[in-house]
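Chemist: First residue of the sequence shown? That's 6 in our numbering, and the numbers climb one at a time after it.
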Amino acid sequence: MLNFDYYNPTRIVFGEGSIARLDELVPTDARVLVLYGGSSAERNGTLAEVEAALPGRIVKRFGGIEPNPAYETLIEAVALIRAEKLDFLLAVGGGSVIDGTKFIAAAVNYAASDDPWHILETFGTHIAEALPMGAVLTLPATGSEMNNFSVVSRKSLHAKLPFASPHVFPRFSVLDPVKTYTLPARQIANGAVDAFVHVVEQYLTYPANAPVQDRYAEGLLQTLIEVGPQALATPQDYDVRANLMWAATQALNGLIGAGVPQDWATHMIGHEITAMFGLDHAQTLAVVLPAMLDLRREAKRDKLLQYATRVWNIHTGSDDERIDAAIAHTRAFFESLGVKTRLGDYGIGADAVPHLVAQLEAHGMTTLGERQDVDLALSRRVLEAAL
Ligand code: NZQ
Ligand code: ZN
Numbered sequence: 006m007l008n009f010d011y012y013n014p015t016r017i018v019f020g021e022g023s024i025a026r027l028d029e030l031v032p033t034d035a036r037v038l039v040l041y042g043g044s045s046a047e048r049n050g051t052l053a054e055v056e057a058a059l060p061g062r063i064v065k066r067f068g069g070i071e072p073n074p075a076y077e078t079l080i081e082a083v084a085l086i087r088a089e090k091l092d093f094l095l096a097v098g099g100g101s102v103i104d105g106t107k108f109i110a111a112a113v114n115y116a117a118s119d120d121p122w123h124i125l126e127t128f129g130t131h132i133a134e135a136l137p138m139g140a141v142l143t144l145p146a147t148g149s150e151m152n153n154f155s156v157v158s159r160k161s162l163h164a165k166l167p168f169a170s171p172h173v174f175p176r177f178s179v180l181d182p183v184k185t186y187t188l189p190a191r192q193i194a195n196g197a198v199d200a201f202v203h204v205v206e207q208y209l210t211y212p213a214n215a216p217v218q219d220r221y222a223e224g225l226l227q228t229l230i231e232v233g234p235q236a237l238a239t240p241q242d243y244d245v246r247a248n249l250m251w252a253a254t255q256a257l258n259g260l261i262g263a264g265v266p267q268d269w270a271t272h273m274i275g276h277e278i279t280a281m282f283g284l285d286h287a288q289t290l291a292v293v294l295p296a297m298l299d300l301r302r303e304a305k306r307d308k309l310l311q312y313a314t315r316v317w318n319i320h321t322g323s324d325d326e327r328i329d330a331a332i333a334h335t336r337a338f339f340e341s342l343g344v345k346t347r348l349g350d351y352g353i354g355a356d357a358v359p360h361l362v363a364q365l366e367a368h369g370m371t372t373l374g375e376r377q378d379v380d381l382a383l384s385r386r387v388l389e390a391a392l
């Protein structure tokens, strides 16, 4: 096992009716900014429930944080917070609202540059402080509710870049599975795929003699394979939603990635596809991952065989046949949820590949993967194989 430093200070308050607990989670003298997305939180009553749980505080709203949150939008919230002297941020939404709120929390008092886009240019390494924030999660997918990562887009640059900082862990996150009942099927499917790929990025690398992390990862993958389709088939089944929600949180809260090599090449290539063509985050992962696993089968051979046996119960055939079958099962799982796995399914052709590779280069994504051996030539081959 590799050395690690595992720190996760986010308190999770889980279950039906948990939004009422905000009254004890948010300081009574806080000047709160409630941040949300388009219209879902307003339409389904979550926003009203949140505000009702915050009696006596000054509470302002900032709506309109879009999927793949845009710097151009977030910077407006920074100005509002400074003008109104607000001091506590409460994100109500999915990964985009939570990620956007993390950026805002870090940008308000950012000292390293006049333009907080610098946070993305330097992967968050110059963040010295951030406003305290909490979250009310409405979409199980990203794990942002219990981690210190954020991904922000800048439309004018066609850029979608990640940052991380210990200062942007949510103080708490409220997870009420009932709040996911209003999600469209597409977002449930996206969530299952995103969480699945998060586990794969931390598990399917090379053996590090870390059986705790491996078995935990395999348990999460098997749970997602089980509950993903159930969540689509029976949308108001509380236990199914609860298990999907907790699996997605655990998939990226740092635990299974501690002490093991991590990949993330699929995510970084996926971000470029979203930045250029606007695909949902999970759609990009469903497109890139099968091609990525296929082309890197030598470097990932041992773990691919373990994945085939333990996750997909594939026990017959030669090594390569079992790896082929595991990749085919992975693709079929995504497709069965309704998430297409070819660039062509989204109207993207071979002419896009050089542009995507150029963007990877422009963003410094020239050596990706657990061995930093996914160079631009390999990324190009992955994209070509994903057509
Ligand atoms: O904007 P509204 O109207 O609220 O609608 C949203 C949005 O259109 C809707 N929605 C959310 N909760 C709902 C609901 N609709 C009905 N009922 C509800 N309860 O869902 C749509 C998508 O929301 P979004 O937040 O964009 O989805 P998701 O949670 O999948 O987040 C995706 C973003 O997270 C980033 C992605 O790159 C992407 O920008 N990621 C963040 C990570 C992290 N912080 O660790 C890791 C991930 O790999 C990922 O990169
Ligand atoms: Zn993801």
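Don't be surprised by glycine CBs; every beta carbon is placed ideally from N, CA and C.
Could you check where the alpha helix (DSSP H) with valine 83 kicks off and where it finishes?
Modeler: 76-89
Chemist: Indicate the three-state DSSP secondary structure (helix, strand or coil) for phenylalanine 108 in the structure shown.
Modeler: helix
Chemist: Should leucine 294 be counted as a contact of ligand 1 given a C-beta to heavy atom distance under 8 Å?
Modeler: no
Chemist: Rounded to the nearest angstrom, how far is the Cβ of tyrosine 395 from that of glycine 224, given a contact under 8 Å?
Modeler: It is not possible to answer for residue 395, since the shown part of the chain is limited to 6 through 392.
Chemist: Taking its Cβ as the centre, do 16 or more other Cβ atoms sit within 10 Å of asparagine 8, making it buried, or is it exposed?
Modeler: exposed
Chemist: Which residue comes first and which comes last in the beta strand (DSSP E) that contains alanine 164?
Modeler: 164-169
Chemist: Between valine 18 and the rest of its own chain, which residues show a CB-CB distance below 8 Å, the 5 nearest in sequence each way excluded?
Modeler: Arg26, Leu30, Phe177, Ser178, Val179 and Leu180
Chemist: Using C-beta distances below 6 Å, list every residue in its chain close to serine 149, excluding the 5 sequence neighbours before and after it, in chain order.
Modeler: Gly100, Ile103 and Asp104
Chemist: Looking at glycine 42 and proline 72, is the spacing between their C-beta atoms short of 9 Å?
Modeler: yes
Chemist: Does the distance from the C-beta atom of valine 173 to that of alanine 133 stay below 9 Å?
Modeler: no
Chemist: Excluding five sequence neighbours on each side, which residues of the same chain lie with their C-beta closer than 8 Å to the C-beta of alanine 252?
Modeler: Its chain contains Pro145, Ala200, Leu225, Thr228, Leu229 and Val232 as the residues whose beta carbon lies nearer than 8 Å to that of alanine 252, once the 5 sequence neighbours on both sides are disregarded; these appear in chain order.
Chemist: With a CB to CB cut of under 7 Å and the five nearest residues on each side skipped, what residues in its chain are close to lysine 160?
Modeler: Ala75 and Glu77
Chemist: Measuring CA to CA, which of Lys65, Leu40, Pro216 and Gly275 is closest to lysine 308?
Modeler: Pro216
Chemist: With distances taken Cα to Cα, identify the nearest neighbour of phenylalanine 282 among Leu298, Arg306 and Lys165.
Modeler: Lys165
Chemist: In angstroms, rounded to a whole number, what distance separates the CA positions of glutamate 277 and glycine 61?
Modeler: Spanning the two alpha carbons is a distance of roughly 44 Å.
Chemist: My output table needs one value for arginine 328: the three-state DSSP class, helix, strand or coil.
Modeler: Here residue 328 is isoleucine; the residue named in the question, arginine, does not match the sequence. Correct three-state label for isoleucine 328: helix.
Chemist: Given 8 Å as the limit, tell me if arginine 13 has its C-beta closer than that to any heavy atom belonging to ligand 1.
Modeler: In the sequence as displayed, the identity of residue 13 is asparagine instead of arginine. Incorrect: asparagine 13 has no Cβ contact closer than 8 Å to ligand 1.
Chemist: Drop a sphere of 10 angstroms on the beta-carbon of methionine 273, count the other beta-carbons inside from all chains shown, and report buried for 16 or more, exposed for fewer.
Modeler: buried
Chemist: Are any of the Cβ atoms in chain C nearer than 9 Å to that of alanine 35?
Modeler: Absence of chain C from the displayed structure is noted, only one protein chain being present.
Chemist: Give every residue of the same chain whose Cβ lies closer than 7 Å to the Cβ of alanine 390, excluding the five residues on either side of it in the sequence, and list them in chain order.
Modeler: Here the set comprises Ala296, Asp299 and Leu300.
Chemist: Using a threshold of 8 Å, is the CB atom of leucine 257 nearer than that to any non-hydrogen atom of ligand 1?
Modeler: yes
Chemist: Taking glycine 196 as the reference, which of Ala222, Val83, Leu237 and Ser170 has the closest Cα?
Modeler: Comparing alpha carbon positions, the residue from Ala222, Val83, Leu237 and Ser170 closest to glycine 196 is Leu237.
Chemist: Helix, strand or coil for isoleucine 63 per DSSP?
Modeler: strand
Chemist: DSSP has serine 384 in a bridge; who is on the other side?
Modeler: DSSP lists no partner for serine 384.
Chemist: If you draw a straight line from the C-alpha of asparagine 214 to the C-alpha of leucine 249, how long is it?
Modeler: A straight line joining the alpha-carbon of asparagine 214 with that of leucine 249 spans about 28 Å.
Chemist: Quick check on DSSP: helix, strand or coil for valine 344?
Modeler: coil
Chemist: With distances taken Cα to Cα, identify the nearest neighbour of glutamine 377 among Trp269, Gly68 and Ala313.
Modeler: Trp269
Chemist: Would you report the Cα separation of leucine 52 and valine 97, rounded to the nearest angstrom?
Modeler: Their backbone Cα atoms lie some 7 Å apart in a straight line.
Chemist: According to DSSP, phenylalanine 19 sits in a beta bridge with which residue or residues?
Modeler: Leu180
Chemist: Excluding sequence positions up to five away, which residues of its chain have a Cβ less than 7 Å from the Cβ of arginine 87?
Modeler: Val113
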